[in-house]
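Peer 1: Let me begin by handing over the structure; questions about it come next.
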Amino acid sequence: MNTPLTQADRDQLERRLHARHEALSAHIQAQLQGRTRAEHAREVLLQDGDDAPQRSADREVDFAMTDLETVELAALDAALRRLADGDYGRCAGCGTDIPLARLQAEPQAALCIGCQSAREQGRPHAASL
Ligand SMILES: [Zn+2]
24 MNTPLTQADR
34 DQLERRLHAR
44 HEALSAHIQA
54 QLQGRTRAEH
64 AREVLLQDGD
74 DAPQRSADRE
84 VDFAMTDLET
94 VELAALDAAL
104 RRLADGDYGR
114 CAGCGTDIPL
124 ARLQAEPQAA
134 LCIGCQSARE
144 QGRPHAASL
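Start counting at 1 in the sequence shown, then tack on 23, and there's your number in this note's numbering.
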C-alpha cells in the first residue's frame, strides 16, 4: 500500500516543479529566438553550399528537442494545477496514490506506473498536441 503524500513531500515536489518549469520556459524561449536567427541565416547558408545539409539536420534536432520540452512544460503546468486543486499525487487513471519514489523521479507524473505503461502500449503516439 502507498501512503498519501505528507505536506513536506508536497512542498518539496512543488518547489521542484516550479524550478523545472522556470528553467524549461527560459530554455524554450531561447530556442525559439535562436530559431528566428537561424531563419535569417538560412539563405546565406544555402548559398554557402558544403555543410548546409548538416546544419539543416542540426536544426531538425533542435525542433524535436523543443517539441519534447513543450510537452514536458504542459505536463508541469498540469501537475501544478493538480497541486492547487488537491488532486496531486493521485493517479488520473485509477485513482490510487502514486508512490512517492515515482513522484520524486518524475514530479509531473499524472499516472501510476501501471496506468502509464498501459497507456503507452494501448495508444499510438499522439501526433497532434
Ligand atoms: Zn493508475
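Quick reminder that beta carbons are idealized off the backbone N, C-alpha and C, glycines included.
In whole angstroms, give me the CA-to-CA distance for alanine 102 and leucine 123.
Peer 2: Their Cα atoms are separated by approximately 14 Å.
Peer 1: Counting Cβ pairs closer than 8 Å, one from the stretch 86-95 and one from the stretch 104-117, do we hit at least three?
Peer 2: No, because fewer than three Cβ pairs between the stretch 86-95 and the stretch 104-117 fall closer than 8 Å, the two stretches do not touch.
Peer 1: Have a look at Gln35, His41, Asp34 and flag the residue whose alpha-carbon is nearest the alpha-carbon of alanine 97.
Peer 2: Answer by Cα proximity: His41.
Peer 1: Below 8 Å on the Cβ atoms is my contact criterion, and I expect leucine 126 with glycine 112 to pass it. Report the Cβ-Cβ distance as a whole number of Å.
Peer 2: Correct: roughly 6 Å between the Cβ atoms.
Peer 1: Out of Thr59, Arg33, Ala80, Ile51, point me to the one whose CA is closest to glutamine 131's CA.
Peer 2: Glutamine 131 has its Cα closest to that of Arg33, out of Thr59, Arg33, Ala80, Ile51.
Peer 1: Per the DSSP calculation, aspartate 120 is bridged to which residue(s)?
Peer 2: Arg113.
Peer 1: If we ignore side chains and look at the alpha-carbon of each, how far apart do glutamate 83 and isoleucine 51 end up?
Peer 2: If I take the Cα positions, the gap works out to 15 Å.
Peer 1: Under the rule that 16 or more other beta-carbon atoms within 10 Å means buried, what is isoleucine 160, buried or exposed?
Peer 2: Residue 160 is absent from the model: the chain starts at 24 and stops at 152.
Peer 1: Considering cysteine 138, what are the terminal residues of the alpha helix (DSSP H) in which it resides?
Peer 2: Looking at the DSSP string, the run of the alpha helix (DSSP H) that includes cysteine 138 is 136-145.
Peer 1: Straight-line CA distance for arginine 142 to glutamate 95?
Peer 2: Taking the straight line joining both Cα atoms gives about 17 Å.
Peer 1: Ligand 1 and valine 134: does any heavy atom of the ligand fall closer than 7 Å to the residue's C-beta?
Peer 2: It should be noted that the sequence gives leucine, not valine, for residue 134. Yes - ligand 1 has a heavy atom lying nearer than 7 Å to the Cβ of leucine 134.
Peer 1: Once the 5 residues before and after arginine 39 are set aside, which same chain residues still bring their CB inside 7 Å of it?
Peer 2: Cβ within range, chain order: Pro130.
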